[in-house]
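In the numbering used here, the protein residues as written are 2 to 73.
Here it is as structure tokens:
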């Protein structure tokens, strides 16, 4: 998988804008931003990143990532 520093920085910026929102609001907003191209990554790249991260996540993290994956 080709994830570079720019992709990671774009995602970090995206998550910084979500502070104070509920989990469902955050997931919906992240999915919307990715689909709109505001996250600096494509939907395909986001799905690829999530699939790579899932095996390393704990149960709670997996639940959230899977919810985001379904939203994309």
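We put the CB at the ideal spot given by N, CA and C, even for glycine. Since we're looking at a predicted model, the values are computed, not measured.
### Task
Return the first residue and the last residue of the alpha helix (DSSP H) that residue 161 is part of.
Here the chain covers residues 2 to 73 and nothing more, so residue 161 does not appear.
### Query
Going by alpha carbons, who is nearest to residue 49 out of 59, 37, 67 and 33?
67
### Message
Taking the straight line between their C-alpha atoms, what separation do you get for residue 70 and residue 55?
### Response
10 Å
### Message
I need the boundaries of the alpha helix (DSSP H) containing residue 37, first residue and last residue.
### Response
Its alpha helix (DSSP H) spans residues 24-37.
### residue 67, enclosing alpha helix (DSSP H) - first and last residue
60-72
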